[in-house]
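Numbering (full-length UniProt numbering), first residue to last: 1 to 756.
Quick reminder that beta carbons are idealized off the backbone N, C-alpha and C, glycines included.
Please read all numbers here as calculations on a predicted model, not as lab measurements.
Some notes on the structure that comes next.
As C-alpha cells, then:
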C-alpha cells in the first residue's frame, strides 16, 4: 500500500528526525516636546539608516532583511581601537562580558575559568604563525566540531578566509586588545567586535586553539562566533553546512552518493562554474576516527573539491572526453588517492601535453590529486555543495574569471501561532494559512535538453541558536511547491479549496529540525507557489526563504493588498417589524438624550452606558461588564472629527451600524457561541467585515489582540475592527487620488495615532 501525500509528510518527518539524531525586538511647551521628538527620531534614523538599505555595517548584530530597532551603539572596530590607543587602554567588551554567563547558560561551569589575554598566556602572541592552516584548528572542551570542520575548510580558500578574518588587526603597533570578524546572518553581513580575553584553565585555552601555542586567530574567531549566538554553550551541536553558510552567505546542498541523482555530474559542473564550495567525505569506521583505505583515502575525513573538468583523452583505440575531479586532502601531504588518474598513474600518458598544461598538473606530495567521476561515486559517501549567493562578499572575486553566478530571490517571514503557523499539509484545514510565495520561472537552463529550469530552494529558520538559553530548539521545518496553471483565476492567497484538489509538484526531502532545509529541483517554466511551514501547527518562529536559479526568477509574496472591500452579504441584521424597529430606535434616542444632555453629545463613559444598555439582551459574546473603556474611547476617536472627545447622535447612528455589522461577523465565525475566535479565523472574519489584510498585518494584529491561548475575545475583535477602520479612513482622507501614498507632518501623525 503506497503513501498518500499526508502519509509522505509523516514518513518524511520520521526520516528527518532519524537523520537528525544520527547527525547528531501650552504651544511653547508643545513645540518644545515636538522638537525633542524630532531630535530623537533623527538620531534613531541616523543610527539605523545603514540597516534600512542592508548595508554591511561594522558591529551590527542584525536580525534579517527587515530592519529592527537596536539598543545601544553599533560597535565600530576602527573607532573603538583608535579610542583605546589614544587613551592607552585595552578594550573590554561590555556586550560580551568575561564571566560565566558568556560561557554557559544552562549550568554552572564545571571548573573555575580565568579570562586571559594572549600576552598573559604566552610571551610572543601572534594572530598567525606561518599563515592559517587546518592544523590551527584544534578542538577544546566544547561540542562544536561542526564549526571546527567549517573553520578548517575556511583555511583552504584565501579569498574567503580574508573576508571572514580581516587583515587590519594583530598584535603589532596598533594592538589595543580588540579584534573583529565578519559573518553572514540571515540576509546581511555583520561585523562582530570582541576583546581578546579568552577562557583558560591553568593558563591553557579551554576551547578552540591552534596547534602552535602562540597563534590565536582560531580561538578569537570562535569567541566572535560565540558572541554572535550569545554564549559558547550555544555552539554545542550543529552541521558544518550551517557554519559554511555563515562564512559565505551561500545555501548548502547535501548528497548521499549511493543515491546520487542521474544528473549529478551536470550539477557539479554548474556548481564549479558558479564558484560553489564543494567538499566530500567517506563514511567513517565506528571503531577508528580516521582510517586510511588501501586506495589511499581516509575514512571520516573531509576533502575539498577544487576543480571539475571534462578532459580530452586520446588512446590508440579511441578519443573523447572523460569527467575528472580534482580534490585536496587538507593534510597537504602524501596521503593521496593511489588509483586511476592519481599522481604519475599510467592514464596521464593519454592526455595531450597542452591539456596537462591547462590543468596545471603537478605530481607533488601536496595532498592534491585527480580521480575519475566514476571512482568518485564508488569510493566517496557524501558530497556537500555550498552555493554562493550574489550577496556573498567573495562571490564577485571568485566568479569573475568563470563569468557565471546564481540569481537569487529572498524573502523574510514568520510563523505566528493561530494565524500563519498552519503546519504541514497533514493539517489541511490550516495549511493554507501559512505564508505563501509566488515564483515565476521564464528561461530554461543553458543546454538543457528537457527544457527545464534549475531551482534551489533554501528555507532557514532564524535566531534559534541564540534562543537556546530560553529552551528554544530548532523547529521541524519543510516546504512544498505547487504549480499554478492559471495564475489569473486562483484566489490570492491560495485558499483551502486549492490545496484540497491540487498536489504539490515538489517538496523538501524531509521535515527536519535543522536550521535550514534545502533541495534542488528541475521545473518547467511556469508560475509556482512555495509554502514554507513547520510540521506541527502553532509553532512560532522567523524564517528566511531563498531561491537560487540559473536565470532570473521573479519572486513575490502571494498575499492580498491591504485595503477595504465589500461587507460579506451573509451578514444579516435581523429584520424587525417597522413598529418595533422605530420603538427601539426611539428608546435608544431617549436614553442617548438623557445621558447626553442639552448638547446631545456623549463622551466615552456615556457611550459605554448606551452600548451596554442597547446590547444588554445580546448573546454572551460581549465581555463581562459590557464594553471596555478602551474600546469605547477608540469608538469615539473613530468618528470624532473635531477632536472634542464626544459624539453626536448622527455619529452615534453610524457607529451603531458598524457595531451591528462587526457583531454579526463575530457571531458568524463564533459558531459555538464561546465568545472567542480562533486566530486562524481572523483573516476570514475581517474579510467578511470588509477589510483586506496581508499576513504581515494579520501577524501584528494577532500579537496585539490575542490572548495567551491565542484566541481573540469579542472585546478585542471590536477594538481591532475600530482601529482598522480608523487608520484606513485616516489614510484614505490623505490619499484622494488613490496612489497608495499619504503625507503627514510629524505633529499630524502623532496627533492621529495617539488619539485613535
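Query, Result
"Reduced DSSP secondary structure (H/G/I, E/B, other) of residue 529", "strand"
"Cutoff 8 Å; reference residue 83; Cβ partners in own chain excluding five residues on either side", "none"
"Secondary structure of residue 480, DSSP reduced to three states", "strand"
"Nearest candidate by alpha-carbon position, reference residue 548, set 498, 458 and 312", "458"
"Presumed contact (8 Å Cβ cut-off) between residue 627 and residue 613, rounded CB distance", "The Cβ separation is near 11 Å, so there is no contact."
"Beta-carbon proximity check, residue 778 vs residue 706, cutoff 9 Å", "For residue 778 there is no data in the structure shown, the boundaries of the chain being 1 and 756."
"Backbone secondary structure at residue 571 - three-state DSSP", "coil"
"Own chain residues within Cβ distance below 6 Å of residue 750, not counting five before or after", "none"
"Beta-carbon proximity list for residue 735, same chain, < 7 Å, skipping 5 on both sides", "741 and 742"
"Through-space distance from residue 474 to residue 187, alpha-carbon basis", "19 Å"
"DSSP state of residue 551 mapped onto helix, strand, coil", "coil"
"Residues that DSSP places opposite residue 784 in a beta bridge", "Given a span of 1 to 756 for the chain in the structure shown, any question on residue 784 remains unanswerable."
"Proximity below 9 Å, CB of residue 261 to CB of residue 430", "no"
"Which listed residue (498, 521 and 503) has its alpha carbon closest to that of residue 509", "521"
"Local Cβ density within 10 Å of residue 558, reported as buried at 16 or more and exposed below that", "buried"
"Presumed contact (8 Å Cβ cut-off) between residue 215 and residue 129, rounded CB distance", "4 Å"
"Outcome for residue 619 when other beta-carbon atoms lying within 10 angstroms are tallied against a minimum of 16", "Reliability fails at residue 619, whose pLDDT of 45 lies under 50, so the model's placement of it is uncertain and the value that follows must be treated cautiously. Residue 619 comes out exposed."
"Boundaries of the alpha helix (DSSP H) in which residue 265 is found, first to last residue", "264-273"
"Cβ pair residue 297, residue 337 closer than 9 Å", "yes"
"Identified DSSP bridge partners for residue 192", "181"
"For residue 204, three-class secondary structure by DSSP", "strand"
"Close-in-space but distant-in-sequence residues of the same chain around residue 389 (CB under 6 Å, 5 per side omitted)", "249, 250 and 408"
"Every unbroken alpha helix (DSSP H) within the region 107-143, with a cutoff of 4 residues, ordered by chain", "118-121"
"Distance CB(residue 492)-CB(residue 695) smaller than 9 Å", "no"
"Length of the line joining the Cα atoms of residue 197 and residue 169", "15 Å"
"Spatial distance of residue 119 from residue 200 (CA atoms)", "13 Å"
"Rounded straight-line distance, which links the Cα of residue 443 to that of residue 728", "40 Å"
"Contact check, residue 411 vs residue 221, beta carbons under 9 Å", "no"
"Through-space distance from residue 274 to residue 523, alpha-carbon basis", "20 Å"
"Pair within 9 Å by beta-carbon distance, residue 416 and residue 699", "yes"
"Distance between residue 454 and residue 191 (C-alpha atoms, nearest Å)", "33 Å"
"Neighbourhood of residue 500 by C-beta, 8 Å cutoff - its chain only, sequence neighbours within 5 removed", "428"
"Neighbour-count burial assignment, residue 703, 16 or more Cβ in a 10 Å radius", "exposed"
"Status (buried if at least 16 other CB within 10 Å, exposed otherwise) for residue 79", "exposed"
"Rounded straight-line distance, which links the Cα of residue 354 to that of residue 543", "50 Å"
"Buried or exposed (CB count within 10 angstroms, at least 16 for buried), residue 552", "exposed"
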